[in-house]
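Peer 1:
Numbering (our numbering), first residue to last: 1331 to 1772.
1. Using CA coordinates, which residue listed in 1463, 1711, 1444, 1474 is at the minimum distance from residue 1437?
2. For residue 1525 versus residue 1346, is the C-beta distance shorter than 8 Å?
3. Does DSSP put residue 1547 in a helix, in a strand, or in coil?
4. With DSSP run on the structure shown, which of helix, strand or coil describes residue 1491?
5. Whole angstroms are fine: how far does the CA of residue 1348 sit from the CA of residue 1676?
6. I'd like to know whether the C-beta atoms of residue 1445 and residue 1429 end up nearer to each other than 8 Å.
7. Whole alpha helix (DSSP H) runs in the segment 1683–1767 with 4 or more residues, listed along the chain?
8. Return helix, strand or coil for residue 1656, following the three-state DSSP convention.
9. Just tell me which of 1332, 1483, 1696 has its CA closest to the CA of residue 1471.
10. With DSSP run on the structure shown, which of helix, strand or coil describes residue 1400?
11. Give the C-beta separation of residue 1500 and residue 1380 to the nearest angstrom, bearing in mind that I take them to be a contact with Cβ-Cβ under 8 Å.
12. Between the C-alpha atoms of residue 1540 and residue 1682, what's the straight-line distance to the nearest angstrom?
13. I need the boundaries of the beta strand (DSSP E) containing residue 1444, first residue and last residue.
14. Can you name the start and end residues of the alpha helix (DSSP H) that residue 1419 belongs to?
15. If residue 1536 and residue 1339 are in contact, beta carbons under 8 Å, what's the gap, nearest whole angstrom?
16. Can you name, in chain order, every residue of its own chain whose Cβ lies under 8 Å from the Cβ of residue 1583, other than the five neighbours on each side?
17. Report buried or exposed for residue 1527, applying the criterion of at least 16 other Cβ atoms within 10 angstroms of its Cβ.
18. Do residue 1384 and residue 1408 have their beta-carbon atoms positioned less than 8 Å apart in this structure?
19. Three Cβ pairs or more, each shorter than 8 Å: is that satisfied between the segment 1636–1652 and the segment 1667–1675?
20. Evaluate residue 1410 with the Cβ neighbour count: other Cβ atoms within 10 Å of its Cβ, from every protein chain shown; 16 or more gives buried, anything less gives exposed.
21. Below 8 Å on the Cβ atoms is my contact criterion, and I expect residue 1418 with residue 1371 to pass it. Report the Cβ-Cβ distance as a whole number of Å.
22. Taking three-plus beta-carbon pairs below 8 Å as touching, is the segment 1709–1716 in contact with the segment 1737–1749?
23. Since residue 1705 and residue 1759 are thought to touch, with beta carbons under 8 Å apart, how far apart are those beta carbons, to the nearest angstrom?
24. Once you ignore the five residues that flank residue 1700 on each side, which residues in its own chain have a CB closer than 6 Å to its CB?
25. In the structure shown, what three-state DSSP assignment does residue 1435 receive?
26. Taking DSSP as the reference, what is the three-state secondary structure of residue 1499?
27. Let's see if you can read the secondary structure: which residues bound the beta strand (DSSP E) around residue 1464?
28. For residue 1373, tell me which candidate among 1447, 1402, 1485 has the shortest Cα-Cα distance.
29. By the DSSP assignment, the alpha helix (DSSP H) with residue 1371 in it spans what residues?
30. Taking only beta-carbon positions, decide if residue 1715 is within less than 8 Å of chain B.
31. Check this for me: beta carbons of residue 1462 and residue 1451, under 8 Å apart or not?
32. Taking the Cβ atom as the reference point for each residue, do residue 1684 and residue 1708 lie within a distance shorter than 8 Å?
33. Helix, strand or coil for residue 1457, going by three-state DSSP, please let me know.
34. Take the Cβ of residue 1492 as the centre, count every other Cβ of all protein chains shown within 10 Å, and call the residue buried at 16 or more, exposed below.
35. By a C-beta neighbour count over all protein chains shown, 10 Å radius and 16 as the cutoff for buried, is residue 1667 buried or exposed?
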């Protein structure tokens, strides 16, 4: 297994584990909030049922002070709820000025205790609301805390036989943790199992993407090596052309001029001048050809027709055995940067066709398919190839063309098949647009 694929699978596994942990935590948190809300709703329902059953009988007594018979009757009415486990404890509070006092409870040790009057709680109870609260951790609730069970306290308001405001407080047992555990046992395996199935299903996608990234990296490295090698080859070729051609011719021209100064006959001078003129004219042509390669269209503003003429002249010198045909029915002349890119793309595609396709004829057409777009089509009758197959090592010319076209927001289409030649169609905007100060060379 390739290193890139192994790294991708490790990242995939780590990401799956992280997502599983995070989602499980979110699920547990959501279950806890849900269970806590359900506990409050249960406490409210239970206290409502208790109030419905006993408030009428509670309101028939007076509690200032409560006599033993009334206390026994009140507790007897609440005993079934306590014995069944529906309630853990009950308290009846009487409002005394700015305080409230416990007057009846199944825990006699807290009878008579007082606390400050809660105006907000009184307002809610007087409006008929059943108020459910968490049991505070304070001395007032020391006996409830000692019970060890999770409890919620619910308050119900009523008035006694003398019309004094009273509060029925009941403690409802709840087990939020057990509810969460039960829900987790049912839900977490489903969540984790679904994530694992999803992770397993996306492994092929991860492997495919890793291979694609690795392939792109290899292509970029090949492009870099190709560019460096091509640059080195061009430098050597230019050096050889200048050394073997221009420098030698200029040295020979110098010798001819020296001989011309020494020769006194007119015919000999004319012959020497003619030879010197021929050498200079040939070197001018060579230098002009080099200038065309380095700067398409010369040093002035290039146009597509001139660029293709220069490309044809260059091709005639390097691969004249392959016939080159051109046609330029343009209606909208592109910007100079686009023309330079078209020249480089045409040269690279022409070289590719001659080098790899062995064609007899290569045709280059440049037209305007729509407003603001220019299209170059390079067609050859060579051996063709399969565009879907990965290119052999070192064959990155077409990839270079694709990168250059993408940078200028153009499109590239390749149509070919073994034995049927090849057609490469490049479409570019006629204007390079903002942010493009120079077209990318191939």
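Just so it is clear, CB atoms sit at the ideal spot from N, CA and C, and this is done for glycine as well.
Peer 2: Looking at the atomic coordinates:
1. 1474
2. yes
3. DSSP places residue 1547 in helix when its eight states are reduced to three.
4. coil
5. So the alpha carbons of these two residues sit roughly 51 Å apart.
6. Yes, they are a contact pair.
7. 1727–1737
8. strand
9. 1483
10. Here residue 1400 sits in helix by DSSP.
11. 6 Å
12. 30 Å
13. 1444–1446
14. Residue range 1419–1426 is occupied by the beta strand (DSSP E) that includes residue 1419, with no alpha helix (DSSP H) assigned at that position.
15. 7 Å
16. 1606, 1609, 1610
17. exposed
18. yes
19. yes
20. exposed
21. That pair is no contact at about 18 Å.
22. As far as the Cβ criterion goes, the segment 1709–1716 touches the segment 1737–1749, which means the pair count is three or higher.
23. Contact between residue 1705 and residue 1759 does not hold, since their C-beta atoms are separated by about 11 Å, which reaches or exceeds 8 Å.
24. none
25. strand
26. Three-state DSSP puts residue 1499 in a strand.
27. 1461–1464
28. 1485
29. Where residue 1371 is concerned, the enclosing alpha helix (DSSP H) stretches over 1333–1388.
30. Among the chains of the structure shown, chain B does not appear; only one protein chain is present.
31. Contact: no.
32. no
33. coil
34. exposed
35. When all chains shown are included, residue 1667 counts as buried.
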